[in-house]
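Take the sequence shown: its letters are residues 770 to 912, numbered as in the working numbering. We treat Cβ as the ideally placed atom computed from N, Cα and C, and that holds for glycine.
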Amino acid sequence: MDTSPIVITDDEEVNVGSGTTMDDDLLPQDSISLAEKKKDLGNEQYKIKNYSAALKLYSDAISLCPNLPAFFGNRAACHMMLGDYKQALSDARQAIDLDPSFEKGFIRIAKCCLMLGEFHRNQCLSCLFAQPITANLSPRPTS
């Protein structure tokens, strides 16, 4: 039996024997917890404009927990900052597929479509009417 300590690397994936990694052996709750940690680390990298590192961390989070729209939304934001609007559009759409009320997804879809020259009035209207308006909107006062 190997009694050497397991050292966790920056990406938290280390060999524990027989070709498996710690990420492969996680229970569902552990997987969600690790995915949230990766997302938080991604957020830190995003804040300091290290978009490539943030992108990798969000991708790791998605690999661990592929059903949370915020992970796809965050990765879409990274792709946008890196100028990869097609991939950003794909991730934003995935976020909306997972949660049709994910408002940031609609905003990112619109921005990507504009940058790709694919924005049409009908797309804008479908985004606006895809979900009921949740905020109370009042007209601006005229003065």
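Give the range of the alpha helix (DSSP H) segment to which residue i is assigned.
i           : result
residue 817 : Element bounds for residue 817: n/a, residue is neither H nor E.
residue 853 : First-last for residue 853: undefined, no H or E at that position.
residue 875 : 872 to 884
Would you say residue i touches the ligand PLP, meaning its beta carbon is less than 7 Å from a heavy atom?
i           : result
residue 825 : Ligands displayed in this structure: none; no statement on the ligand PLP is therefore possible.
Output needed for residue i: all residues of its chain with C-beta closer than 8 Å, excluding positions within five of it in sequence on either side, in chain order.
i           : result
residue 862 : 874 and 878
residue 839 : 808, 864 and 871
State the CB to CB distance for the pair residue i and residue j, rounded to an integer number of angstroms; the pair is presumed to be in contact (CB under 8 Å).
i           : j           : result
residue 882 : residue 849 : So it is not a contact: roughly 12 Å between Cβ atoms.
Taking the beta carbon of residue i as the centre, do at least 16 other beta carbons fall within 10 Å, making it buried, or is it exposed?
i           : result
residue 826 : buried
residue 858 : buried
residue 885 : exposed
residue 842 : buried
Return helix, strand or coil for residue i, following the three-state DSSP convention.
i           : result
residue 860 : helix
residue 869 : coil
residue 834 : coil
residue 887 : coil
Could you pull out every residue in the same chain whose Cβ sits closer than 6 Å to the Cβ of residue i, ignoring the five residues on either side in sequence?
i           : result
residue 815 : 823
residue 830 : 804, 807, 808 and 840
residue 854 : 881, 884 and 885
residue 810 : 826
Below 7 Å CB to CB, which residues in the same chain sit around residue i once its five sequence neighbours on both sides are set aside?
i           : result
residue 800 : 833 and 834
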